[in-house]
Amino acid sequence: MKTDYTHTPVLPEETIDLLNLKAGSSGRQGRTGMRVVDCTLGLGGHSREILKKIGPKGRLLAIEQDEENLIRAKKNLKGFSKRITFVHDNFENLAAIVKKYKFGPVNAILFDLGLSSPHLEKAERGFAFRHEGPLDMRFDKRQGLTAADVVNSYREQELTDILRQYGEEPKARFIAQAIIRERKKRALRTTSDLVKVVETVYRRRSPKFHPATLTFQALRIYVNRELETLKKALEQAINLLAPKGRIAVISYHSLEDRIVKIKFRHYTRSCICPKELPICQCNFQKLLYIVTKKPIIPTGIEVLANPRSRSAKLRAAEKL
Ligand SMILES: C[S@@+](CC[C@H](N)C(=O)[O-])C[C@H]1O[C@@H](n2cnc3c(N)ncnc32)[C@H](O)[C@@H]1O
Numbered sequence: 044m045k046t047d048y049t050h051t052p053v054l055p056e057e058t059i060d061l062l063n064l065k066a067g068s069s070g071r072q073g074r075t076g077m078r079v080v081d082c083t084l085g086l087g088g089h090s091r092e093i094l095k096k097i098g099p100k101g102r103l104l105a106i107e108q109d110e111e112n113l114i115r116a117k118k119n120l121k122g123f124s125k126r127i128t129f130v131h132d133n134f135e136n137l138a139a140i141v142k143k144y145k146f147g148p149v150n151a152i153l154f155d156l157g158l159s160s161p162h163l164e165k166a167e168r169g170f171a172f173r174h175e176g177p178l179d180m181r182f183d184k185r186q187g188l189t190a191a192d193v194v195n196s197y198r199e200q201e202l203t204d205i206l207r208q209y210g211e212e213p214k215a216r217f218i219a220q221a222i223i224r225e226r227k228k229r230a231l232r233t234t235s236d237l238v239k240v241v242e243t244v245y246r247r248r249s250p251k252f253h254p255a256t257l258t259f260q261a262l263r264i265y266v267n268r269e270l271e272t273l274k275k276a277l278e279q280a281i282n283l284l285a286p287k288g289r290i291a292v293i294s295y296h297s298l299e300d301r302i303v304k305i306k307f308r309h310y311t312r313s314c315i316c317p318k319e320l321p322i323c324q325c326n327f328q329k330l331l332y333i334v335t336k337k338p339i340i341p342t343g344i345e346v347l348a349n350p351r352s353r354s355a356k357l358r359a360a361e362k363l
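Be aware that the sequence shown starts at 44, since it is given in my numbering, and climbs by one per residue.
So this is what it looks like as structure tokens:
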């Protein structure tokens, strides 16, 4: 397996700052140092910075659902391995993972969502419309459903809904119809097969925006259940944080960012139920203070150096 892929971490300094990390003792934990969870280890770029900051007493729980990236990250973080617990799992199981490894109380939690560079560069993973590869798009290869399964077996309405909901693709219906027409002739097996179908719908190409961008985004989000897992994991993360603990989330498209914004806001509201009610009915519970009133975005210099950072938005909150 080629292992020399690199991934430049996005907003590294801003993220580490917002997580409010410190070396040495932290509150009640005394001698044990901070406990941090990186829910999206990737190639370990942010984890490395976290480990440096929390010093020799700090511990990191690093979760990654893509086994290939986990192997790369272990190699990249060799010098720190005694202080890291690596977990090959989906962050939707965050609470169970923290419990299993007796890792709580947690002082900081990071989510750096979406794709890493190897996903886009390795044609065999099927994430990139610019490389010919199988229509796969699974982060975790243990999972059954691939993008090929979706495009070759779902009904027109289901495909339309996926493209609309997860890609906000304005030509969702036409693309779904074009997919169905094409697959009657032969199954769509590769990224290029799908790109060609989308191009029949978008005859006039924008020089800045590849016509298959939103279709690929939608299928990837659907195949990996990205929005559902994010909602579940945020909920768990907020509950797992120790008082004054911080959560930081870097998102790369508006659907993710909206979920983060809404979830954070929800937990800044106090219960509004009348005192007479024996149990809360409104579901509001003031648990968070939002640290980033507006999301932090990369500077022009960062975008120039790392174009993949261009759509990033970083939000952070503190547990009360
Ligand atoms: C943007 S990359 C993270 C890069 C990392 N911060 C770094 O600096 O190297 C996102 C990573 O999260 C992983 N990932 C995405 N969704 C996940 C999930 N639900 N559970 C666990 N890992 C996930 C992806 O496989 C990918 O490796």
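Here a beta-carbon is modelled for each residue, glycine too, at the ideal position from N, C-alpha and C.
Here the structure is a predicted model, which means the values were calculated and not measured.
- The continuous alpha helix (DSSP H) containing E345 extends over residues 343 to 348.
- Considering only K239, S294, F170, I315, the residue with the shortest C-alpha distance to F182 is F170.
- For T128, the CB stays at least 8 Å from every heavy atom of ligand 1.
- Spatial neighbours of F307 in its own chain (CB-CB distance under 7 Å, excluding positions within 5 residues in sequence) are listed in chain order as L331, I333, R358, A360.
- Beta-carbon to beta-carbon, A255 and Y295 are separated by about 17 Å, too far to satisfy the 8 Å threshold.
- Judged by DSSP in its simplified three-state form, S354 adopts coil rather than helix or strand.
- Counting along the chain, the unbroken beta strand (DSSP E) around L153 starts and ends at 149 to 155.
- The Cβ-Cβ distance between L153 and V292 falls below 9 Å.
- Taking 8 Å as the cut-off, the C-beta of D155 counts as close to a heavy atom of ligand 1.
- Taking a C-beta distance under 9 Å as the contact criterion, A116 and L158 do not qualify as a contact pair.
- Contact check for P99 against G76 passes: the beta carbons are separated by less than 9 Å.
- Relative to ligand 1, the nearest heavy atom lies less than 8 Å away from the CB of A276.
- In this structure, T234 keeps its C-beta atom at 9 Å or more from the C-beta atom of F327.
- Separation of R312 and C325 (C-alpha to C-alpha, rounded to the nearest whole angstrom) is 10 Å.
- Contact between V194 and R226 holds, since their C-beta atoms are separated by about 7 Å, short of 8 Å.
- Around the beta carbon of E299, a 10 Å sphere encloses 16 or more other beta carbons of the protein chains shown; the residue is thus reported as buried.
- When DSSP states are grouped into helix, strand and coil, R126 belongs to the helix group.
- When C-alpha distances from P52 are compared across K362, L363, R353, the shortest belongs to R353.
- For the options K228, L156, L347, the alpha carbon positioned closest to that of S297 is the one of L156.
- Nearest neighbour of F134 by Cα position, chosen from P148, L104, S124, turns out to be L104.
- For L94, the enclosing alpha helix (DSSP H) stretches over residues 88 to 97.
- In the three-state scheme derived from DSSP, where H, G and I count as helix and E and B as strand, P286 is classed as strand.
- Remark: the C-beta of L84 is in contact range of ligand 1, defined as less than 8 Å to any heavy atom.
- Beta-bridge partners of K362 (DSSP): L331.
- In its chain, beyond the 5 residues on either side, C314, C316 have a beta carbon closer than 7 Å to the beta carbon of C323.
- The count of Cβ pairs closer than 8 Å, one atom from the segment 273 to 280 and one from the segment 246 to 255, stays below three, leaving the stretches out of contact.
- Annotated three-state conformation of S313 is coil, per DSSP.
- Residue state for S294 is assigned as strand, using DSSP reduced to three classes.
- Note that the C-beta distance between P213 and H50 is not below 9 Å.
- If you compare the alpha carbons of L262, K251, F252 with that of L237, the shortest gap goes to L262.
- With 16 or more neighbouring CB atoms inside 10 Å of its own CB, Y209 falls in the buried class.
- The Cβ atoms of N112 and L84 sit closer than 9 Å to each other.
- Proximity of the beta carbon of G122 to ligand 1 is not indicated: no heavy atom of the ligand is located closer than 8 Å.
- One Cα belongs to D132, the other to E242, and the distance between them is close to 36 Å.
- Residue pairing by DSSP places I339 opposite L357 in a beta bridge.
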